[in-house]
Amino acid sequence: MTFQPPPGLRNPHVQTIVAGTAPRRWWLAGRTKRLRSQLEEVVLECSEGVRLHGEYLPCAGAGSLVLLIHGWVGCSASGYMQSVRASLHRAGHAVFVLHLRDHGPSAHLNRDPFLAIRLTEVSDAVELVQQRYPHRHQSLVGFSLGGNIALRVAAHTAERAIRLDQVVAFCPPVDPAATARAISSQRIYNRHFVAAWRQAFAEKVRHYPELAQHADVFEQDDIIRLHEAFVPRFSCHPDAASYFQAYTLNGSLLQSLCCPAHVVLAADDPVIPVDSRDLLPPLPELSVELSAHGGHCGFLQNYRLQGWMDERALDLLPPAQAVDAEP
């Protein structure tokens, strides 16, 4: 299933920016209002007192549950998340959106701030979701950083009570250091991510005032320098380089992958350098798809701004229909 946008939508910045604009989010919110009324909000009690927030969307007779993980500074209200969730549900899948720490309405749930290396709590959450909502088929779909995290969760399923029939990762940062450099070099994206991170931390301080002592970190206006200031204070890593290396999708990190995983990248992605795909190991369970167009988690396929990622996910996932046997 090749992504072929019309000529006016082939610019990668148009794809990336338009897909996430407020008007598209509002339009999608209007179209999915009925679905949102069916959502069950859940707080998952993970190990070591960590709590993560999620939204479960049931589907009558569904034999499949798809767990979605948003990208960094994204949430269930992001355009791509609303669109994919609605399309999956329309096709007969039950859907669970997991909010990473400090994303969505969850800043108050944990004192320590979000770090991309916090994998145990995400694996805990996936395990808890599968226990709470058993289905015949269980899949995991991640976007941007959520795709990176989904692949890492999948590489550790042998250690957990997690069963995955399929993992799909759209535009994951394979090499986080290269991604940070790409963001830093482009003012519009650097400004977006720095501002969003500042806003998230300010919300964190509102719930945990003692964190205000670290507000000086956010005087940095470059994404790399911001990481250099933030990482030593809130993680076990001494610098940004070692932090980025800790979640780079190379052979040592993915070697235990034991379920089918499919990565979708765009050659024109402005923040995920396409050459980073060479770091992905040649594993029988891992397949990589490279689209000529799409931008970063854009993949708008027409002027109605419909998402190709919706269709591609449906094409890759197990069947949605119910089965006679118990899951």
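Numbering-wise (my numbering), the sequence shown opens with residue 1032 and increments by one.
Where is the CB? At the ideal position from N, CA and C, for every residue including glycine.
Practice problem: State the DSSP-derived secondary structure class of V1305, mapped to helix, strand or coil. | Solution: For this step, residue 1305 is matched to residue 274 along the sequence shown. DSSP places V1305 in helix when its eight states are reduced to three.
Quiz item: Within the chosen definition, does the stretch 1138-1154 reach the stretch 1168-1188 through at least 3 CB pairs nearer than 8 Å?
Solution: yes
Quiz item: Skipping 5 residues on each side, what residues in its chain have a beta carbon closer than 7 Å to that of Q1352?
Solution: For the purposes of this step, residue 1352 is taken as the residue at position 321 of the sequence shown. Same-chain partners within the cutoff: G1094 and G1123.
Quiz item: Can P1204 and L1176 be called in contact, C-beta distance under 8 Å?
Solution: In the sequence shown, the residue the question calls residue 1204 occupies position 173. In the sequence shown, the residue the question calls residue 1176 occupies position 145. Yes, the pair counts as a contact, with Cβ atoms nearer than the cut-off.
Practice problem: Below 8 Å CB to CB, which residues in the same chain sit around L1336 once its five sequence neighbours on both sides are set aside? | Solution: In the sequence shown, residue 1336 corresponds to position 305, counting from 1. Answer for L1336: V1049, A1050, R1055 and W1058, listed in chain order.
Self-check item: Three-way DSSP call (helix, strand, coil) for S1370 in this model
Solution: The structure shown does not extend to residue 1370, since the chain is modelled only from 1032 to 1358, so the question has no answer here.
Quiz item: Between F1224 and the rest of its own chain, which residues show a CB-CB distance below 8 Å, the 5 nearest in sequence each way excluded?
Solution: Residue 1224 sits at position 193 when you count from the first residue of the sequence shown. Contacts found: W1103, V1104, I1214 and I1254.
Quiz item: Going by beta carbon distance, what residues of the same chain come within less than 7 Å of L1307, once the five residues before and after it are set aside?
Solution: Residue numbering aside, residue 1307 sits at position 276 when the sequence shown is read from its first letter. Sequence inspection shows Ser at residue 1307; the Leu mentioned does not correspond to that position. If we look at S1307 and ignore the five residues flanking it on each side, its Cβ neighbours are V1205, D1206 and A1209.
Exercise. Would you identify the three-state DSSP class for S1137, choosing helix, strand or coil?
Key: On the sequence shown, residue 1137 is found 106 positions in, with the first residue counted as 1. Looking at S1137 - three-state DSSP - the assignment turns out to be coil, as it is neither helix nor strand.
Practice problem: Count the other C-beta atoms from every protein chain shown that fall within 10 angstroms of the C-beta of C1290, then say buried if there are 16 or more, exposed otherwise. | Solution: Your numbering for residue 1290 matches position 259 in the sequence shown. Classification of C1290: buried, given that the 10 Å Cβ count is 16 or more.
Quiz item: In whole angstroms, what is the alpha-carbon distance linking A1200 and S1109?
Solution: The residue you call residue 1200 lines up with position 169 of the sequence shown. The residue you call residue 1109 lines up with position 78 of the sequence shown. Their backbone Cα atoms lie some 16 Å apart in a straight line.
Practice problem: Take every Cβ of the stretch 1082-1094, pair it with every Cβ of the stretch 1033-1050, and state whether three or more of those distances are shorter than 8 Å. | Solution: no
Quiz item: Does the separation of the CB atoms of A1298 and H1258 fall below 8 Å?
Solution: As a working note, residue 1298 is residue 267 in the sequence shown. As a working note, residue 1258 is residue 227 in the sequence shown. In this structure, H1258 does not lie closer than 8 Å to A1298 by Cβ.
Self-check item: Sub-8 Å separation of L1314 and L1288 beta-carbons
Solution: Translated into positions along the sequence shown, residue 1314 becomes position 283. Translated into positions along the sequence shown, residue 1288 becomes position 257. Yes, they are a contact pair.
Quiz item: On the three-state DSSP scale, how would you describe I1193?
Solution: Within the sequence shown, the letter at position 162 stands for residue 1193. Coil, per DSSP.
Quiz prompt | 8 Å CB neighbourhood of L1033 in its chain, flanking five on each side removed | solution = As a first step, residue 1033 must be located in the sequence shown, where it is residue number 2. Checking the sequence, you will find Thr at residue 1033 rather than Leu. Cβ neighbours of T1033 beyond the five flanking positions: S1322.
Exercise. Out of D1155, Y1164, R1218 and S1137, point me to the one whose CA is closest to A1192's CA.
Key: Residue mapping note: residue 1192 aligns to position 161 of the sequence shown, counting from 1. The residue with the shortest Cα to Cα distance from A1192 is D1155.
Self-check item: C-alpha gap between H1327 and N1141, whole angstroms
Solution: Within the sequence shown, residue 1327 is the residue found at index 296, counting from 1. Within the sequence shown, residue 1141 is the residue found at index 110, counting from 1. Taking the straight line joining both Cα atoms gives about 29 Å.
Quiz item: From H1084 to A1233, what does the alpha carbon distance come to, in whole angstroms?
Solution: Here the question's residue 1084 lines up with position 53 in the sequence shown. Here the question's residue 1233 lines up with position 202 in the sequence shown. Cα-Cα distance, rounded: 19 Å.
Quiz item: Taking the Cβ atom as the reference point for each residue, do L1159 and L1098 lie within a distance shorter than 8 Å?
Solution: For this step, residue 1159 is matched to residue 128 along the sequence shown. For this step, residue 1098 is matched to residue 67 along the sequence shown. No.
Quiz item: If you draw a straight line from the C-alpha of A1012 to the C-alpha of W1228, how long is it?
Solution: Any property of residue 1012 remains undetermined from this structure, which presents the chain solely from 1032 to 1358.
Exercise. With DSSP collapsed to three states, give me the class of I1100.
Key: Translated into positions along the sequence shown, residue 1100 becomes position 69. Strand, per DSSP.
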